[in-house]
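Numbering (this note's numbering), first residue to last: 4 to 293. Yeah, the Cβ is synthetic: ideal placement off N, Cα and C, and Gly gets one too. Everything numeric in this text was worked out from a predicted model, so none of it was measured. A quick write-up on the structure given underneath.
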């Protein structure tokens with residue numbers, strides 16, 4: 004439960020979380036964003052229902068707490084991912100989308116003390132500011148190369164949604180109000196997301212998809228590796244370390260995503276991206292130090 008285990012969990016979270024941007028782009032070649040997310044969360048709900056039953060993790064949750072879990076899940080999953088996939092679907096690269104969403108630590112840090120009572124030290128603020136600089140460098144480079152304005156706006160919606168969701172969850176943890184197992188909580192998060200995504204997928208896309216091995220693989224990857232593993236790791240970390248530190252891990256996601264996208268899709272790894280990677284690494288080291 005010490006620093007070493009937190010570092011290992013944090014590194015695993017960054018890699019798995021980053022793979023979601025790449026997996027999303029892979030699947031968008033064959034289906035719309037809402038349709039991919041609908042099938043993804045249908046699979047997640049079914050999988051978690053089986054696991055919770057087999058492992059006997061079902062437990063009564065007070066209505067007030069259950070409503071909070073549903074709100075957090077809808078914001079952290081459905082809203083966050085709909086905006087991210089929408090941006091990628093409009094032509095924003097996976098790497099640049101990841102960089103814009105990396106603004107989350109700034110908002111989380113700014114709201115953390117007010118919502119959770121966790122103070123952010125001057126050193127941590129310095130790390131958050133450096134992270135913002137890294138994001139700004141890469142975003143500026145991307146805008147200079149052109150792109151649809153709405154595609155740049157959508158990731159900011161993601162930032163607001165997941166920042167508020169993580170702070171609500173962390174505040175509940177600090178108050179001793181997160182007693183249910185992470186598996187059961189993730190199940191209810193996914194149920195909320197499925198309820199939101201079903202009418203969106205039907206109304207905007209009619210569930211249309213070109214079914215093939217690639218799309219099925221992308222949905223399974225996004226469901227099992229990202230929705231279950233990555234989100235499980237995020238909420239596990241929120242129970243172990245302050246929200247601002249968990250959020251700061253997002254700074255490492257853009258460079259990791261850019262390398263993955265460069266390897267798989269030949270997305271250009273620009274000098275601005277490399278500089279952003281270096282600055283992000285410095286930022287994360289400042290925010291994670293005790």
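Under 6 Å Cβ to Cβ from residue i, same chain only, skipping five residues before and after it: list those, please.
| i | result |
| --- | --- |
| residue 82 | 164 |
| residue 8 | none |
| residue 229 | 23 |
Using a Cβ-Cβ cut-off of 7 Å, state whether residue i counts as contacting chain D.
| i | result |
| --- | --- |
| residue 62 | In the structure shown, chain D cannot be found, because there is only a single protein chain. |
At the level of alpha carbons, what is the spacing between residue i and residue j?
| i | j | result |
| --- | --- | --- |
| residue 55 | residue 273 | 45 Å |
| residue 233 | residue 225 | 10 Å |
| residue 58 | residue 16 | 24 Å |
| residue 185 | residue 95 | 33 Å |
| residue 277 | residue 258 | 8 Å |
| residue 45 | residue 125 | 43 Å |
| residue 103 | residue 195 | 25 Å |
| residue 31 | residue 210 | 13 Å |
| residue 85 | residue 242 | 26 Å |
Would you mind reading off the limits of the alpha helix (DSSP H) that contains residue i?
| i | result |
| --- | --- |
| residue 92 | 83 to 92 |
| residue 43 | 36 to 57 |
| residue 221 | 216 to 223 |
| residue 18 | 6 to 30 |
| residue 199 | 185 to 203 |
| residue 264 | 256 to 268 |
| residue 235 | 234 to 241 |
Nearest CA to the CA of residue i: which residue from the options?
| i | options | result |
| --- | --- | --- |
| residue 90 | 42, 112, 156, 190 | 156 |
| residue 289 | 201, 65, 30, 252 | 252 |
| residue 6 | 25, 100, 245, 62 | 245 |
| residue 203 | 22, 25, 42 | 42 |
| residue 11 | 240, 223, 62, 130 | 240 |
| residue 107 | 79, 97, 92, 85 | 79 |
| residue 22 | 275, 285, 268, 52 | 268 |
| residue 36 | 213, 285, 263 | 213 |
| residue 72 | 167, 262, 217 | 167 |
| residue 154 | 100, 129, 200 | 100 |
| residue 158 | 236, 264, 280, 87 | 87 |
| residue 49 | 193, 174, 215 | 193 |
| residue 169 | 219, 238, 97 | 238 |
Pick helix, strand or coil for residue i, following the three-state DSSP scheme.
| i | result |
| --- | --- |
| residue 154 | helix |
| residue 105 | coil |
| residue 79 | helix |
| residue 246 | helix |
| residue 226 | helix |
| residue 286 | helix |
| residue 275 | helix |
| residue 63 | coil |
Kindly list the residues whose CB is nearer than 8 Å to the CB of residue i, restricted to its own chain and excluding five residues on each side of it in sequence; keep chain order.
| i | result |
| --- | --- |
| residue 282 | 133, 134, 136, 137, 140 |
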